[in-house]
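Written out below as structure tokens is the structure these notes cover.
Residue numbers (my numbering), protein chains in the order written: chain A, 1 to 311; chain B, 1001 to 1368; chain C, 2001 to 2324.
Here's what the structure looks like:
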């Protein structure tokens, strides 16, 4: 799945395209991981949309006592500047989530364009695009991210840009495989016979058949984007005045929060990052299982106390 | 009457899926005598491959034998513990699969794969292993130099023959074959089948042979079992079945295979498709496609009836006594009604179809 | 073999791409970052080295882009990757910090691979059992957690609260490097927390993919055939299933080394562990662009070498590749 599948092995196209809507929904609901993941994401979305409801204090105002421990007034304590950690965490959700979603969406779209174009046009275009994709896949992500970020002014926009540049290749291979299987189908021949242009065919005819794979790609990407964004900011390549979980981590580390006895300042945003990543990962894991029956959980049942001789 | 080599009694196999149990095989019973060549035919999805794997105790999850017995040489194999079963494997019965390319380990040479079977059964001597490997290769007409070859280096036909040679390492009494010729072209098929028959006569093993190709069965088998939707539809000696097919399904199968030498006939397939797993037909499972369907067919499930040396599951023949009605009788009405058929053509079952089936509410058909 | 030749080709193309990235980025990125940085070099760096940097970064040059490009490539091929802000050749700087990172990351990667692969294989073997229900999902979730968070937790628990293990550096301040047992023990003590963080997260990566590969392999006919022959289950799992699950996917596993290396950068920063990752971090705060680009190149090379080694293993051990 995810990172490994982008290697030499061409992964089979995800089979969920033929599953009808209702059946799909039921399969999702039945899957515990999917439900848990969805709940986490819904929680995050809620907090991002209505931070004022969850945290009543101002996140940036440095008016509360410095470095105080968790109390009923400040559930996660305060920073070294006297800001309420909990409020920061809550208000930071929005920008963190926005960056994650934008990057995942854009990178998935880019992956799709490259993958499907390569599949559909074939020949030299295909080979060139595949080589470019492979190159970007091998290039180590964090070093490249750091390098790119160093040239750009620190901030969420730069973050989005550099993350898109390093993530577009991630799913291009899978999307190309899927594109290849779709390529020769009759409705495409019909479209070509009508004289439609390639771009039209790609966007209007092919892409809709790949929705499940696109969703899966989006989820896979999101898992890693969350972590990479936070890591970049943690390393100091973000804008510490922007409120995101990653910048909180950076500030906490710079103020040696752990040693200073104010661990929640560092641990809370870290945990939030982990939770968001996990939410996406659970949904992704569940999606894999739904799409690939071989991976589904296996029930074992003992019949009449008999041992099962075969495996 | 001598005891049969293999006696399958009321075997039922389920696929346990998250969405429910799919009844792939329902109450299958038949016997194979020593040196007998029994062919099992049916459409894709009738459960014939599942039957083979169940008999060989090779079902993997989510498949499971839920009831019945597989009595081999007097002992029930179902429920045997690992060690005892392993001792019997390959010595007493062996298996030949459909595609040798898939059934042979791509990383090991042919010789190595022969050797590990022998070593697993206690043979330590390298010379004896080599000697025996040569012998079996010779039996199928492959030069011994290929012991060092890898599966991908051999041609399709050679691979299949190598697989058959491997199955004969211990000269077992029963060889189970799952469509070993379907991956080959017609000429190779012919030569392989002839070779199998010749070896069978020479070495005296019984064969349980699954295929969807009636013509193969007609030339080589002693008896034929026709399966449909997880049950035996008809079973009889080969000539009997070909001369006088009783079940409408069997007749449909006969008509679907043109004979080169026979009189020119209009070709007819069997209209419709195997039962939808979500809504298995009530009563006789074949009734929606049956050209001779009667009014009671959708409501009553036929048992296997005996008629002139054949067993047939069709209400057309109900006046005669039901054969082994207790053994063959369908399970409780409700269970029968919501039994579903899974597409089990290969070992790796696509559970999608099974999910389709199990998703539906259990069809409790009204019974008379 | 054609397979190896193709892989070697990809190796070279990627290497060339990385070199070109280093050349293009300063010219393409908005702003005058390169200019500003190199301006600070003027005092400390000797003129020849400065010239080499100027053609790499495209500042202050009086020659065409193409000419600069080839001169730059020539420099790289002869091992001249520029100098740092302290006028130390980049390559020397990297070489001095390399052993520490190699030790930490090398060992943890191997450990993580072994653990991950075994755990993945066992959980696939015992599908539906307790091991499978527990280990892969937890390890997988752990692998989605950013490495530094695991590091943070470990620091908090073991270094701050329990005070069992040191929380930074590679050996105690004031200790002199030697091959004595006490020094080595000291080094190991300092390597435990960063090492464990890395192993935990990267093992998780491999567990999941190995388990899925293994599950697919187990459902293959030749595994069934192996069972049918009466081979003991252990042999079936290792010789028939395991080998076939790992070997064709070895290259895929190797491609994840890039992610591992990224994690090691964050970990070295967190633990102030003076290896290449920490060097990378300080080069960003110092705006030492030549060093950063040199490090980027080095990390890329490291990944490429690992992938090539995996390709070699595959080509040698997989009989099907010998023909290709």
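Here a beta-carbon is modelled for each residue, glycine too, at the ideal position from N, C-alpha and C.
Do residue i and residue j have their C-beta atoms closer together than 9 Å?
i: residue 2231 (chain C); j: residue 1031 (chain B); result: no
i: residue 1095 (chain B); j: residue 2228 (chain C); result: yes
i: residue 107 (chain A); j: residue 225 (chain A); result: yes
i: residue 1173 (chain B); j: residue 1205 (chain B); result: yes
i: residue 165 (chain A); j: residue 144 (chain A); result: yes
i: residue 1064 (chain B); j: residue 1212 (chain B); result: no
i: residue 104 (chain A); j: residue 167 (chain A); result: yes
i: residue 2116 (chain C); j: residue 2267 (chain C); result: no
i: residue 210 (chain A); j: residue 92 (chain A); result: no
i: residue 1037 (chain B); j: residue 1313 (chain B); result: no
i: residue 1072 (chain B); j: residue 1005 (chain B); result: yes
i: residue 321 (chain A); j: residue 275 (chain A); result: Residue numbering for chain A in the displayed model covers 1 to 311; residue 321 (chain A) lies beyond these limits and cannot be assessed.
i: residue 2061 (chain C); j: residue 2054 (chain C); result: yes
i: residue 2052 (chain C); j: residue 2080 (chain C); result: yes
i: residue 1041 (chain B); j: residue 1164 (chain B); result: no
Which residue or residues does DSSP assign as beta-bridge partners of residue i?
i: residue 2089 (chain C); result: C:2083
i: residue 1310 (chain B); result: B:1307
i: residue 1160 (chain B); result: Paired residue(s): none; residue 1160 (chain B) is not in a bridge.
i: residue 1071 (chain B); result: B:1007 and B:1076
i: residue 1177 (chain B); result: B:1096 and B:1209
i: residue 1023 (chain B); result: B:1014
i: residue 230 (chain A); result: None; residue 230 (chain A) has no bridge partner.
i: residue 1296 (chain B); result: Its beta-bridge partners do not exist; DSSP assigns none.
i: residue 1235 (chain B); result: B:1225 and B:1311
i: residue 1032 (chain B); result: B:1006
i: residue 1318 (chain B); result: Bridge partners of residue 1318 (chain B): none, in fact.
i: residue 1064 (chain B); result: B:1014
Please check if any C-beta of chain C sits within less than 9 Å of the C-beta of residue i.
i: residue 290 (chain A); result: no
i: residue 1130 (chain B); result: no
i: residue 1082 (chain B); result: yes
i: residue 1346 (chain B); result: Confidence in residue 1346 (chain B) is poor, its pLDDT being 35 and thus under 50, which makes the residue's placement unreliable; the coordinate value appears in the next sentence. Cβ-Cβ to chain C under 9 Å: yes for residue 1346 (chain B).
i: residue 1091 (chain B); result: yes
i: residue 1015 (chain B); result: no
i: residue 1342 (chain B); result: Residue confidence for residue 1342 (chain B) is low, a pLDDT of 35 falling below 50, so the modelled location carries little weight; the figure read from the coordinates is stated next. Judged by the 9 Å Cβ criterion, residue 1342 (chain B) is not in contact with chain C.
i: residue 1098 (chain B); result: yes
i: residue 146 (chain A); result: yes
i: residue 115 (chain A); result: no
i: residue 1249 (chain B); result: no
i: residue 231 (chain A); result: yes
i: residue 1104 (chain B); result: yes
i: residue 1005 (chain B); result: no
i: residue 218 (chain A); result: no
Is residue i close to chain A? Criterion is C-beta to C-beta, closer than 9 Å.
i: residue 2273 (chain C); result: no
i: residue 2293 (chain C); result: yes
i: residue 2069 (chain C); result: no
i: residue 2194 (chain C); result: no
i: residue 2053 (chain C); result: no
i: residue 2001 (chain C); result: no
Does any residue of chain B have a CB that is nearer than 9 Å to the CB of residue i?
i: residue 2219 (chain C); result: yes
i: residue 2333 (chain C); result: Because chain C in this structure spans residues 2001 to 2324, residue 2333 (chain C) falls outside the shown range and cannot be described.
i: residue 2244 (chain C); result: yes
i: residue 2250 (chain C); result: no
i: residue 2211 (chain C); result: no
i: residue 2225 (chain C); result: yes
i: residue 2161 (chain C); result: no
i: residue 2230 (chain C); result: yes
Smallest Cα separation from residue i: which of the options?
i: residue 2241 (chain C); options: C:2216, C:2087, C:2033 and C:2032; result: C:2216
i: residue 1304 (chain B); options: B:1026, B:1002 and B:1128; result: B:1026
i: residue 148 (chain A); options: C:2179, C:2018 and C:2259; result: C:2018
Starting from the N-terminal side, write out each stretch of the alpha helix (DSSP H) that is 4 residues or longer and does not extend beyond the region 1085–1118 of chain B.
As for any alpha helix (DSSP H) of minimum length 4 sitting wholly inside the region 1085–1118 of chain B, the runs are 1100–1103, ordered along the chain.
Within the region 2002–2083 of chain C, ranges of the alpha helix (DSSP H) (whole runs, at least 4 residues):
Whole alpha helix (DSSP H) segments, 4+ residues: 2002–2028, 2033–2041, 2047–2057 and 2065–2077.
Continuous alpha helix (DSSP H) assignments of at least 4 residues falling wholly in the region 47–132 of chain A
Runs of the alpha helix (DSSP H) inside the region 47–132 of chain A: 51–54 and 85–121.
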